[in-house]
Amino acid sequence: MSVRAEPAAMRPPSRWSLAALAHDRNAVGLLFLLPAAAFLLVFLTYPLGLGVWLGFTDTRIGRAGVYVGLENYELLWDDSIFWLSVFNTILYTTVASLLKFGLGLWLALLLNGRLPFKAFFRAIVLLPWVVPTVLSAIAFWWIYDAQFSIISWALMRLGIIDAPINFLGDATNARASVIAANVWRGVPFVAISLLAGLQTIPPSLHEAATLDGATPWQRFRHITLPMLSPIIAVVMTFSVLFTFTDFQLIYVLTRGGPLNATHLMATLSFQRAIPGGQLGEGAAIAVAMIPFLLAAILFSYFGLQRRRWQQGGQD
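Reminder that position 99 of the sequence shown reads as 99 in the UniProt record's numbering, one-by-one numbering, no gaps.
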């Protein structure tokens, strides 16, 4: 007895057919992620892998190198300028990030309150972030000029100082000057991001706390800060990453001077690799930045885990 074949139209679609894939949300999601994955592979993964490889070679500009193992890192271990750049980078990142967080949070709370012309002030706050970094650096370069500084001129007219301040010629002044320029540029990003987080907090929570007799500080400590902590974790992670890898601002203002007092790891890596021609050594300095960047990413991860805990989930 022969069994009649089931018509093709009656058979269920194959698991791997186009019709089945079109109704599979995971497959569609992966399909849309492919362009972004390809972009990251070409413009991020390949340069990163190439940089790691160059760090193990003695490659120079115009000459292919050979594998030298950890020789570049051994040289850096005994390089006082490299360790000075590490100290400068950590100091620059820590001080600038803390100042940006403090000023950004203060601006966000101010702009979230009842403030006249609120939209205008929000637009003004964004201006430093919108201006290209190089233009900002050139503006600060004029502000810090040893002879024509507007700051020195104003202080001399007020009788506070007798001679112009050497902003970029003194090691301590130069460090403070580049940190101030970075804070001016980075505060808008922190402020606007935290402002967006503040606007997601239900006003009813503050109203209920006010009725219970909570002071403004208690409302901030027990309502605003805990609910804003996930946003703070992400924002400060990006802020630390941007600050730690800063290059344009330092290179335009000081190029690492005076006497390497403002050299960051990024600027030292560029100086050794491009003007100095030591591509392998410059790549090794850049690779040495990776552990610090991974620490910032882990900070963001644990901040997101805290958000799950606040919503009743498990870590």
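In this text, a Cβ means the ideal position worked out from N, Cα and C, and glycines have one as well.
Being a predicted model, the structure only gives us computed values, none of them experimental.
* Can you tell me where the alpha helix (DSSP H) with Phe-82 in it begins and where it stops? -> Start and end: 80-112.
* Asp-145 (DSSP reduced to helix, strand or coil) -> Coil.
* Asked: Looking at C-alpha atoms only, which residue of His-263, Thr-215, Val-125 is the closest neighbour of Ile-81?
  -> The shortest CA-to-CA distance from Ile-81 to any of His-263, Thr-215, Val-125 is the one to His-263.
* For Thr-215, does the three-state DSSP call read helix, strand or coil? -> In this structure, Thr-215 counts as coil in the three-state DSSP scheme.
* To do: Consult DSSP for Thr-57 and reduce its assignment to one of helix, strand or coil.
  => Collapsing the DSSP output to three states places Thr-57 in a strand.
* What separation, rounded to the nearest whole angstrom, lies between the Cα atoms of Ala-8 and Ala-286? -> For Ala-8, the predicted structure reports a pLDDT of 49, less than 50, and the residue's modelled location is therefore unreliable. A value from the coordinates is still provided. Straight across, the Cα-Cα distance linking Ala-8 with Ala-286 is about 60 angstroms.
* Can you check whether the CB of Gly-277 is closer than 8 angstroms to the CB of Ile-61? -> For Ile-61 and Gly-277, yes; Cβs fall inside 8 angstroms.
* To do: Kindly list the residues whose CB is nearer than 7 angstroms to the CB of Ala-284, restricted to its own chain and excluding five residues on each side of it in sequence; keep chain order.
  => Around Ala-284: Gly-55, Asn-72, Tyr-73, Leu-76.
* Give a yes or no on whether the C-beta atoms belonging to Arg-175 and Ser-136 are separated by under 8 angstroms. => Against a cut-off of 8 angstroms, the Cβ pair of Ser-136 and Arg-175 comes out as no contact.
* To do: State whether the stretch 246-259 contacts the stretch 180-200, with contact taken as three or more CB pairs (one from each stretch) at a distance under 8 angstroms.
  => Short answer: they touch.
* Proximity of Gly-51 and Thr-59 at Cβ, strictly below 8 angstroms -> A distance of 8 angstroms or more separates the beta carbons of Gly-51 and Thr-59.
* **Other residues of its chain near Ile-165: CB distance less than 6 angstroms, five sequence neighbours each side excluded** => Residues Ser-152 of the same chain have their beta carbon placed closer than 6 angstroms to that of Ile-165, with the five preceding and five following residues left out of the count.
* Asked: For Arg-63, which beta-bridge partners are listed by DSSP?
  -> DSSP output for Arg-63 lists Arg-60 as bridge partner(s).
* State yes or no: is the C-beta of Thr-93 within less than 8 angstroms of the C-beta of Phe-244? => In contact: Thr-93 and Phe-244 (Cβ atoms closer than 8 angstroms).
* For residue 318, the nearest candidate out of Met-289, Arg-122, Tyr-46, Leu-30 (CA to CA) -> Here the chain comprises residues numbered 1 to 315, so residue 318 is not present and cannot be evaluated.
* **Backbone secondary structure at Gly-159 - three-state DSSP** => In this structure, Gly-159 counts as coil in the three-state DSSP scheme.
* Which residues bound the alpha helix (DSSP H) around Pro-116? -> Taken as a continuous stretch (DSSP letters only), Pro-116 belongs to no alpha helix (DSSP H), as it is neither H nor E.
* Cβ-Cβ distance between Val-190 and Val-234 below 8 angstroms -> Going by C-beta atoms, Val-190 is not nearer than 8 angstroms to Val-234.
* Asked: Are the Cβ atoms of Leu-205 and Ile-223 separated by less than 8 angstroms?
  -> Contact check for Leu-205 against Ile-223 passes: the beta carbons are separated by less than 8 angstroms.
* Following the continuous alpha helix (DSSP H) through Thr-267, name the residue where it begins and the one where it ends. => Run containing Thr-267: 265-273, per the alpha helix (DSSP H) assignment.
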